[in-house]
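Taking it in order: structure first as structure tokens, then the write-up.
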Amino acid sequence: MAKFRTRARTLDMLGRQQIAGIPTAISELFKNAHDAYADHVEIDYYRSDGLFLLRDDGVGMSQEDFTTRWLTLGTESKFDLKRKPPRDLSKTKRPMLGEKGIGRLAIATIGPQVLVLTRAKSENGASDLTVAFINWSIFELPGVDLDEIDIPIRTFSSGSIPSAQDVADMVHEFRVNAKNIGNRIEKNWLNKIEEELDRFIVDPQEIDLYNRKLSLKGKCHGTHFIIKPANQLLMDDIDGDNTKGKGSRVGKATPLKKALLGFSDTMNPASKNLIKTSFRDHKKEQLEVELIAEDDFFNHDEFLRADHRFSGDFDN
Ligand SMILES: Nc1ncnc2c1ncn2[C@@H]1O[C@H](COP(=O)(O)OP(=O)(O)OP(=O)(O)O)[C@@H](O)[C@H]1O
Ligand SMILES: [Mg+2]
Numbered sequence: 155m156a157k158f159r160t161r162a163r164t165l166d167m168l169g170r171q172q173i174a175g176i177p178t179a180i181s182e183l184f185k186n187a188h189d190a191y192a193d194h195v196e197i198d199y200y201r202s203d204g205l206f207l208l209r210d211d212g213v214g215m216s217q218e219d220f221t222t223r224w225l226t227l228g229t230e231s232k233f234d235l236k237r238k239p240p241r242d243l244s245k246t247k248r249p250m251l252g253e254k255g256i257g258r259l260a261i262a263t264i265g266p267q268v269l270v271l272t273r274a275k276s277e278n279g280a281s282d283l284t285v286a287f288i289n290w291s292i293f294e295l296p297g298v299d300l301d302e303i304d305i306p307i308r309t310f311s312s313g314s315i316p317s318a319q320d321v322a323d324m325v326h327e328f329r330v331n332a333k334n335i336g337n338r339i340e341k342n343w344l345n346k347i348e349e350e351l352d353r354f355i356v357d358p359q360e361i362d363l364y365n366r367k368l369s370l371k372g373k374c375h376g377t378h379f380i381i382k383p384a385n386q387l388l389m390d391d392i393d394g395d396n397t398k399g400k401g402s403r404v405g406k407a408t409p410l411k412k413a414l415l416g417f418s419d420t421m422n423p424a425s426k427n428l429i430k431t432s433f434r435d436h437k438k439e440q441l442e443v444e445l446i447a448e449d450d451f452f453n454h455d456e457f458l459r460a461d462h463r464f465s466g467d468f469d470n
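To convert a position in the sequence shown, counted from 1, into this note's numbering, add 154.
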């Protein structure tokens, strides 16, 4: 008898390599926030230091959910009735957008390393916060098996947020494991990873103060991703081709707008928007631009003026 073994590269191929680009990766994360019954999913991108934050206020994940769902490849969402994703019973049932169980791996396209912070919504509003650090570049190394890679994961008691030192400790843990793997294969591979790890200086307690609506303190819940440094290509996706019709509807929409505008219905006033999306591009210290504002997409008047309209229902 024999078994299939899984190389670490598989994860890189399922995520970073098969996704069309950063806008598509973001839309995968928006879909996950929708499936987690979030009211808001918001991005803040700080160009000055390449910090990229994506935060939702959905049902979040307990540590068990995190290991059995987020850290498990091919998570079954639709097909296994016993392992259905958590639902927020206080809200109208949403049709689930998740299907394959690999969408979140696309996050590796946005930047090479991420701190995930997630707190599950619970009856008494006081579940622990689960935090994990992942550097995705390690999944590009040849000759490494998936189960050789350790993911530092910690829990913080209800209401508390990790400090910059906690993050540094997790990054250190990751570094020790990466060095052991690197020494076994070829040391050169390690340099890139070490440089990235050096750049991951992040203080979640300070970041939590940036946006009180999307905090993880107290009784708040949801899932936050802190990515640093964001991929340089993100700037091109945002700026697009600036030579034509800048900012106007007749001009060419940037790849980012094409992928993310209209995530929720802006054309039908009767439809209650299930989730509000936002992408704030902090170009400079005092200059913040909203990239996917609702009125940038087709509104109700424009919908009424359209030449053709279809009406109907969707079955299963
Ligand atoms: N923002 C989030 N909040 C809560 N749970 C999440 C979040 N993102 C992912 N998850 C959990 O992780 C699982 C895996 O997500 P992933 O996007 O990889 O797969 P999926 O959404 O089930 O399917 P697809 O590959 O079609 O997107 C989800 O089913 C969900 O249980
Ligand atoms: Mg998904």
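Heads up, the beta-carbon is just placed ideally off N, CA and C, and yes, glycines get one too. Source: prediction; values computed, not measured.
Short Cβ contact (8 Å threshold) for residue i with residue j
{"i": "P383", "j": "P316", "result": "no"}
{"i": "T272", "j": "T377", "result": "yes"}
{"i": "D393", "j": "L415", "result": "no"}
{"i": "R159", "j": "D299", "result": "yes"}
{"i": "A192", "j": "D210", "result": "yes"}
{"i": "E350", "j": "N289", "result": "yes"}
{"i": "K437", "j": "R201", "result": "yes"}
{"i": "G255", "j": "T229", "result": "yes"}
{"i": "S432", "j": "K346", "result": "no"}
{"i": "F287", "j": "V325", "result": "yes"}
{"i": "G297", "j": "F206", "result": "no"}
{"i": "T263", "j": "A413", "result": "no"}
{"i": "F379", "j": "Q267", "result": "no"}
{"i": "R434", "j": "D198", "result": "yes"}
{"i": "F452", "j": "F184", "result": "no"}
{"i": "E327", "j": "P306", "result": "yes"}
Spatial neighbours of residue i in its chain, beta-carbon cut-off 6 Å, leaving aside the 5 residues before and after
{"i": "A156", "result": "none"}
{"i": "E182", "result": "G257, A260"}
{"i": "G372", "result": "G313"}
{"i": "Q319", "result": "none"}
{"i": "S430", "result": "Rather than Ser, the amino acid found at residue 430 in this sequence is Lys. Cβ within range, chain order: H194."}
{"i": "R163", "result": "none"}
{"i": "Q217", "result": "T284, T309"}
Residues near residue i in its chain [Cβ-Cβ closer than 7 Å; skip 5 each side]
{"i": "G212", "result": "A187, A190, Y191, A192, G376, T377"}
{"i": "S312", "result": "A280, S281, D282"}
{"i": "R338", "result": "none"}
{"i": "D362", "result": "I315, S369, L370, K371"}
{"i": "W343", "result": "L295, G336"}
Beta-bridge pairing of residue i - partner residues as DSSP gives them
{"i": "D203", "result": "For D203, which the question treats as bridged, DSSP gives no partner whatsoever."}
{"i": "H436", "result": "Y200, E442"}
{"i": "D210", "result": "V195, T377"}
{"i": "V321", "result": "V321 is not bridged to any residue."}
{"i": "D393", "result": "BP columns for D393 are empty, so no partner."}
{"i": "F287", "result": "L269"}
{"i": "D483", "result": "Here the chain has residues from 155 to 470 only, and residue 483 is not among them."}
{"i": "K406", "result": "For K406, which the question treats as bridged, DSSP gives no partner whatsoever."}
{"i": "D299", "result": "R161"}
{"i": "K430", "result": "H194"}
{"i": "I305", "result": "According to DSSP, I305 bridges with nothing at all."}
{"i": "F310", "result": "L283"}
Neighbourhood of residue i by C-beta, 8 Å cutoff - its chain only, sequence neighbours within 5 removed
{"i": "R463", "result": "F457"}
{"i": "V356", "result": "L205, L269, A318, V321, I380, K382"}
{"i": "Y364", "result": "D198, L207"}
{"i": "E442", "result": "R434, D435, H436"}
Distance between beta carbons of residue j and residue i, contact taken as under 8 Å
{"i": "L445", "j": "I176", "result": "Wrong, their Cβ atoms sit about 12 Å apart, outside the cutoff."}
{"i": "L259", "j": "L165", "result": "6 Å"}
{"i": "M250", "j": "P239", "result": "7 Å"}
{"i": "A274", "j": "G336", "result": "Contact flag wrong, Cβ pair sits at about 35 Å."}
{"i": "H139", "j": "P423", "result": "The structure shown does not extend to residue 139, since the chain spans only 155 to 470, so no value can be given for it."}
task: Please go through the segment 217-283 and give each complete alpha helix (DSSP H) segment of 4 or more residues, from N-terminal end onward.
output: Note on the segment 217-283: there is no whole alpha helix (DSSP H) run with a minimum of 4 residues.
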